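Taken in order, the sequence shown gives residues 0 to 388; the numbers are from numbering that gives the first Met the number 0.
Cβ coordinates follow ideal geometry from the N, Cα and C atoms, glycine included.
Here the structure is a predicted model, which is why all the values come from computation and not from measurement.
Working notes for the structure below.
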Amino acid sequence: MNLSKLRLITILFVLLGSIIVSYIKTKQLNEVELVSGLGIDQLDGQYAVTLQIFNPSANQKNAVDPTGGFTYTQMGRTIPEAIEKIRKETLKDPILDTLQVVTLSERLVKEEGLNETLDFLVRNPRVPASINTIVIKGENPESFLKLFTPQEKLTTLYTNTMLRNSKQVWGNLVNTSAERIRSYLTDKTSDIIIPYVEIHGDIDKGMSKGNIEGFSPASHLSLEGFATFKGEKLNSFLTNEESNTLALMKGVDQVVNISAPCADSHDEFTIEAISTSSSLKADTQPVSFRLKVKIKGNLEQIGCGKDLTKLASRKTLQSQLEKKIKSNMDAVIKKSQEDGTDMLGLKDALYRQEPKLWKKKKNEKDFLSTVNVNTSVHVEFIRFGHVKQ
0 MNLSKLRLIT ILFVLLGSII VSYIKTKQLN EVELVSGLGI DQLDGQYAVT LQIFNPSANQ
60 KNAVDPTGGF TYTQMGRTIP EAIEKIRKET LKDPILDTLQ VVTLSERLVK EEGLNETLDF
120 LVRNPRVPAS INTIVIKGEN PESFLKLFTP QEKLTTLYTN TMLRNSKQVW GNLVNTSAER
180 IRSYLTDKTS DIIIPYVEIH GDIDKGMSKG NIEGFSPASH LSLEGFATFK GEKLNSFLTN
240 EESNTLALMK GVDQVVNISA PCADSHDEFT IEAISTSSSL KADTQPVSFR LKVKIKGNLE
300 QIGCGKDLTK LASRKTLQSQ LEKKIKSNMD AVIKKSQEDG TDMLGLKDAL YRQEPKLWKK
360 KKNEKDFLST VNVNTSVHVE FIRFGHVKQ
């Protein structure tokens, strides 16, 4: 056999192999559904489970199909039972390994709590261990997973983008895997906070392609803040400002703009924080806590008419900002104590710093509701910006 024939046979085998591999892959893809989102709700004592499925043709390079995925919803006495019904409906195996986000309804986490859902997520080997969990406020996960968003073809992908971007302000607090949440519930040294999203506008229009065909979407998503929990059950929703303040108190090194009113006018000034830190100390006689926050930042804009060449003017601005931040911190602490929650991690600080005292106090149900938390804030300006004349 001459060399040219050998090359021809080799090329034919390579082509045949490529065709066979392509056929096998196509056949495999036709037998499975790649799941991008899992939504869990509760209705009439049963679970309403929604799966958001990738549309492979829409997620390829240069794809023109705006429909990034499809959704299927089924009811079941258990979450696996509902998923099995979806499998029978589609005649394909749902692959959970590709999950991007798990979405829980407000109703589910308020009425039943987290334990049953966490049990499923942790036990199922196909659910990625690092997948984030969020709460949808006021709506059901099915509507969330059906929404068309102009930024991404799937709401789960857009939510992941929002979570990544929010790390500048909220740090690792947005990392809410099932394992991490369950560890907090097991340790009982701090209450859980989970990011929540809201749907704004006309939801019905948001679930049609028309929502992404104009300059002004009829409906859109926003990552608003943290949902707070008391034990395994939802307690309340923090505003965006409250969530930013909580992250600051919990030691997140933030990059964020903070505004405060001028001392002698209705105008405001704004600082861009470039470095933040906090420390929480437990005292024993009596049980109390000291929370210190330090902020370094650049003065971005000022409308106070101050002469920044004078040290006294700078001190006044620093003092005003310190008062504003301290007031925000005290308000979050007050809300937490009124709700009977420990989102700041006071129990954890006592457990780590005073373990003997923690053993005595841990069974006292409401001892944190009256405990004193002394707060202090120190602001340092690094650079000064423009002055409004």
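From 155, 362, 116, 330, residue whose alpha carbon lies closest to that of residue 181: Stepping through the sequence shown from its first residue, residue 181 is reached at position 182. Considering only alpha carbons, the answer is 116.
Cβ distance (whole Å) where residue 167 is taken to contact residue 255 below 8 Å: Walking along the sequence shown from the start, residue 167 turns up at place 168. Walking along the sequence shown from the start, residue 255 turns up at place 256. Contact holds; Cβ gap of about 7 Å.
Check whether residue 178 and residue 128 have beta carbons under 7 Å apart: By one-based count along the sequence shown, residue 178 stands at place 179. By one-based count along the sequence shown, residue 128 stands at place 129. Against a cut-off of 7 Å, the Cβ pair of residue 128 and residue 178 comes out as a contact.
Best match in 295, 294, 317, 292 for proximity to residue 303 [C-alpha to C-alpha]: In the sequence shown, the residue the question calls residue 303 occupies position 304. Out of 295, 294, 317, 292, 317 has the C-alpha closest to the C-alpha of residue 303.
Expected contact under 8 Å - CB spacing of residue 85 and residue 69 to nearest Å: Within the sequence shown, numbered from 1, the residue matching residue 85 stands at position 86. Within the sequence shown, numbered from 1, the residue matching residue 69 stands at position 70. Not confirmed; about 11 Å, so no contact.
Alpha carbon of residue 78 to alpha carbon of residue 118, nearest angstrom: The residue given as residue 78 occupies position 79 in the sequence shown. The residue given as residue 118 occupies position 119 in the sequence shown. Take the alpha-carbon of residue 78 and the one of residue 118: they are about 10 Å apart.
Residue 165 versus 40, 221, 364, residue with shortest Cα-Cα distance: Residue 165 sits at position 166 when you count from the first residue of the sequence shown. Measuring from the Cα of residue 165, the nearest candidate turns out to be 221.
Buried or exposed (CB count within 10 angstroms, at least 16 for buried), residue 124: Taking the sequence shown and counting its residues from 1, one reaches residue 124 at position 125. Residue 124 is exposed by the Cβ-count criterion.
Straight-line gap, residue 98 to residue 131 (C-alpha atoms, nearest Å): Stepping through the sequence shown from its first residue, residue 98 is reached at position 99. Stepping through the sequence shown from its first residue, residue 131 is reached at position 132. If you take the alpha carbons of residue 98 and residue 131, they lie about 9 Å apart.
Separation of residue 377 from residue 387, as counted between CA atoms: Here residue 387 refers to the residue found at position 388 when the sequence shown is read from its first residue. Here residue 377 refers to the residue found at position 378 when the sequence shown is read from its first residue. Only weak support exists for where residue 387 lies, its pLDDT of 49 falling under 50; the value from the coordinates is given anyway. If you take the alpha carbons of residue 387 and residue 377, they lie about 25 Å apart.
Those residues which DSSP pairs with residue 279 across a bridge: As a position in the sequence shown, residue 279 is number 280, starting the count at 1. 290.
Closest Cα partner of residue 122 within the set 157, 138, 176: On the sequence shown, residue 122 is found 123 positions in, with the first residue counted as 1. Nearest of 157, 138, 176 to residue 122, Cα basis: 176.
Residues of its chain near residue 89, where Cβ-Cβ distance is below 7 Å and the 5 sequence neighbours each way are ignored: Taking the sequence shown and counting its residues from 1, the one referred to as residue 89 is at position 90. Excluding sequence neighbours, residue 89 sits near 32, 71.
Residue 147, enclosing beta strand (DSSP E) - first and last residue: Here residue 147 refers to the residue found at position 148 when the sequence shown is read from its first residue. Residue 147 -> no beta strand (DSSP E), and no H or E assigned at all.
Residue 152, buried or exposed, once every other Cβ within 10 Å from all chains shown has been counted against 16: On the sequence shown, position 153 is the one that residue 152 refers to. The residue is buried, with at least 16 neighbouring Cβ atoms inside 10 Å.
With 16 other Cβ atoms within 10 Å as the buried cut-off, status of residue 214: By 1-based counting over the sequence shown, the position of residue 214 is 215. Residue 214 should be labelled exposed.
CA-to-CA distance, residue 194 to residue 257, given in whole angstroms: Taking the first residue of the sequence shown as position 1, residue 257 is located at position 258. Taking the first residue of the sequence shown as position 1, residue 194 is located at position 195. Spanning the two alpha carbons is a distance of roughly 21 Å.
Cβ neighbours of residue 189 in the same chain (closer than 7 Å, five flanking residues each side left out): In the sequence shown, the residue the question calls residue 189 occupies position 190. The answer, listed in chain order, is 183, 341, 344, 346, 347.
The region 350-357 in contact with the region 264-273 per 3-pair CB rule at 8 Å: no
Between the CA atoms of residue 134 and residue 162 - distance to the nearest angstrom: Sequence index remark: in the sequence shown, residue 162 carries index 163 (1-based). Sequence index remark: in the sequence shown, residue 134 carries index 135 (1-based). Cα to Cα, residue 162 sits roughly 13 Å from residue 134.
Residue 39 versus residue 113: straight-line alpha-carbon distance, rounded: Numbered from its first residue, the sequence shown carries residue 39 at position 40. Numbered from its first residue, the sequence shown carries residue 113 at position 114. Cα to Cα, the separation comes out at about 11 Å.
Same chain only: Cβ atoms within 8 Å of residue 365, ignoring 5 sequence neighbours per side: Translated into the one-based positions of the sequence shown, residue 365 becomes position 366. Around residue 365: 339.
Residue ranges of each alpha helix (DSSP H) within the region 115-193, 4 or longer: 140-145, 154-169, 177-186
Reduced DSSP category for residue 259 - H, G, I as helix; E, B as strand; rest coil: Along the sequence shown, read from residue 1 onward, the residue named residue 259 stands at position 260. The three-state secondary structure of residue 259, taken from DSSP, is strand.
Backbone secondary structure at residue 390 - three-state DSSP: Shown here, the chain extends from 0 to 388; a query on residue 390 therefore has no answer.
Contacts around residue 234, its chain only, beta-carbon distance under 6 Å, and the 5 residues preceding and following it disregarded: Translated into positions along the sequence shown, residue 234 becomes position 235. Hits under 6 Å: 227, 228, 338, 340.
Residue of 297, 312, 372 minimising C-alpha distance to residue 334: As a working mapping, residue 334 is identified with position 335 in the sequence shown. The shortest C-alpha separation from residue 334 is found at 372.
Endpoints, the beta strand (DSSP E) within which residue 34 is located: Start at 1 with the first residue of the sequence shown, and residue 34 comes out as number 35. Counting along the chain, the beta strand (DSSP E) containing residue 34 begins and ends at 31-42.
DSSP state of residue 216 mapped onto helix, strand, coil: As a working note, residue 216 is residue 217 in the sequence shown. In the structure shown, residue 216 sits in coil (DSSP, three-state: anything other than H, G, I, E or B).
Residue range of the alpha helix (DSSP H) that includes residue 83: By one-based count along the sequence shown, residue 83 stands at place 84. Note, residue 83: alpha helix (DSSP H), 78-89.
Residue 369, DSSP secondary structure in three states: For the purposes of this step, residue 369 is taken as residue 370 along the sequence shown, with counting starting at 1. The DSSP-derived three-state label of residue 369 is coil.
Helix, strand or coil at residue 99 [DSSP, three-state]: If you number the sequence shown from 1, residue 99 lands on position 100. Three-state DSSP puts residue 99 in coil, outside helix and strand.
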